[in-house]
Amino acid sequence: MISYIKELSNRYSKFWLNTTNMGKPENLFSIDFKKPWWKVFIEKKILFIFILSGRVLSRIITTMLPAFITYAVSSKKFSSFGLLFSVWMFAELYRFVSIVYCSKFISSVMSGLKYSSYKFFLTIDPICHSKKSTGEVFSKIERCAYAYEKLIDATIYDVLPMIVGVATVVISSFFTINLKLGLLAFAFLFVICAFNAFAILFNSVAFENKVIKADDDVKRGGVESLIQIQLVRSSFATNEVNKDMEGKNTSYMAVDGTFYISFHALMFITRTLYLASLCVLGLYIIYLVVNNLISISVGTTFLVTYLLGTYDVVKIGDKLQQAVRSITRIKDLFDFINNFGRKTFPVL
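Under my numbering, read the sequence shown as residues 4 to 351, first letter to last.
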């Protein structure tokens, strides 16, 4: 039974590997470290427009789904319901195809960056390597590769849908429900987003470089001590190395742990503001219903739409933090490479 499952899993993986056809050297994205880090996205602008449009269309339909369903049921027509689900299915298919291409791009950039980095370090004069730590080099390459992945995930899969959801809720409330209600929702969301964005960016600026330095110290000490393990033992320096690594890991733990605690404190304030906005909007909708200014179904539809379209706004700080941290880590490798050294004789 176990052997059959293993065989089945192997066939499954081979099927997808053959389908995606990613295993070709030409699929590696070539990174030029002399260019700005964001040039990677400009060079694939048509692909990015396609990916972004898929996310935007899917989010608009998902956010407005309560209103669309209410209209389809109220019309008492099978054709309205059929049209709704046909458009929804098309949006989901478009979204799936865009995600496939986005996943290919992410893998291409991550693997291409690692290859381009190692290729660069192999061509630099050996004297330059003697002044640098191997552990620090590996640390910066790995951080930068995954930073590109986190940046794309945070912007395309999280921040962009949040912005589209908020815009959809506000615009739809302006034109279909009540102007004052739309302005009130916009005011609340603007305050929440502005506070969260400023606070999280400030928190990231305050801590991120300290986290990078502490992480580099840990990787530098760990890799170098393992590379020179025979020298360490022959000189009876094991205890000194252990104490040094204990101090470096303790420093990293303190900086990284404090960074996340301060971040979650700011997130708690953001969630509190969002709940307050929902409470005020709910009370205002009850007032409108009691005074026969809107119907119960319209008021309920707006609240559900508000929740679907804007609840992710409480997580915008987390995604902005990911984006800021990723950009900082990407720039860190680019700066490190451009100041590492140079090639004075032809190699590769």
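All C-beta atoms in this analysis are idealised placements derived from N, C-alpha and C, irrespective of residue type, glycine included. Keep in mind that this is a model prediction, so the values were computed, not measured.
N21: buried (16+ other C-beta within 10 angstroms of its C-beta) or exposed?
exposed
With a 10 Å radius around its C-beta and 16 neighbouring C-beta atoms as the bar for buried, classify R236 as buried or exposed.
Confidence at R236 is low in this model, with a pLDDT of 47, below 50, so its placement is unreliable and no value can be given for it.
Along the chain, where does the alpha helix (DSSP H) containing S341 start, and where does it finish?
With the sequence shown as reference, residue 341 is identified as Asn, and Ser is not the correct amino acid for it. First-last of the alpha helix (DSSP H) with N341: 319-341.
How many whole angstroms separate the CB atoms of F123 and I340, which I take to be in contact at a CB cut-off of 8 Å?
6 Å
Between the C-alpha atoms of T66 and G285, what's the straight-line distance to the nearest angstrom?
18 Å
I need the DSSP call for L296, collapsed to helix, strand or coil.
coil
Which of helix, strand or coil does DSSP assign to F123?
helix
In whole angstroms, what is the alpha-carbon distance linking F32 and I102?
18 Å
Taking the C-alpha atoms as reference points, what is the distance between F305 and F189?
13 Å
CA-to-CA distance, V258 to R58, given in whole angstroms:
36 Å
Roughly how many whole angstroms lie between the Cα atoms of S265 and N206?
7 Å
Going by Cα to Cα distance, which pick from T331, Y74, Y309, N342 is closest to L154?
T331
First through last residue of the alpha helix (DSSP H) which encompasses F53:
48-66
Segment contact, 8 Å Cβ cut-off, at least three pairs: the segment 149-166 with the segment 317-330
yes
Between the segment 33-50 and the segment 104-118, are three or more C-beta pairs nearer than 8 Å?
yes
So is I159 buried or exposed if we call it buried at 16+ other beta carbons inside 10 Å?
buried
Under a Cβ-count criterion, where at least 16 other Cβ atoms within 10 Å of its own Cβ denotes burial, should R146 be classed as buried or exposed?
buried
Going by C-alpha distance, which of L269, L276, V140 is nearest N342?
V140
Kindly indicate which three-state DSSP category L31 falls into: helix, strand or coil?
coil
Express the C-alpha separation of S175 and T308 in angstroms, rounding to a whole number.
10 Å
Give the C-beta separation of D218 and S110 to the nearest angstrom, bearing in mind that I take them to be a contact with Cβ-Cβ under 8 Å.
At roughly 24 Å, the Cβ-Cβ gap does not stay under 8 Å, so D218 and S110 are not in contact.
Which stretch, first to last residue, makes up the alpha helix (DSSP H) that contains I314?
Checking the sequence shown, residue 314 turns out to be Tyr, not Ile. From DSSP, Y314 is part of no alpha helix (DSSP H); its letter is neither H nor E.
Under 8 Å, with one C-beta from each stretch per pair, do the segment 266-280 and the segment 36-48 reach the 3-pair mark?
no
Near A202, which residues of its chain fall below 6 Å by C-beta distance, leaving aside the five closest residues on each side in sequence?
L269
What separation, rounded to the nearest whole angstrom, lies between the Cα atoms of I215 and F93?
43 Å
Buried or exposed (CB count within 10 angstroms, at least 16 for buried), S120:
buried
Taking the alpha helix (DSSP H) that F36 belongs to, which residues open and close that run?
Premise fails: F36 is in no alpha helix (DSSP H) and is neither H nor E.
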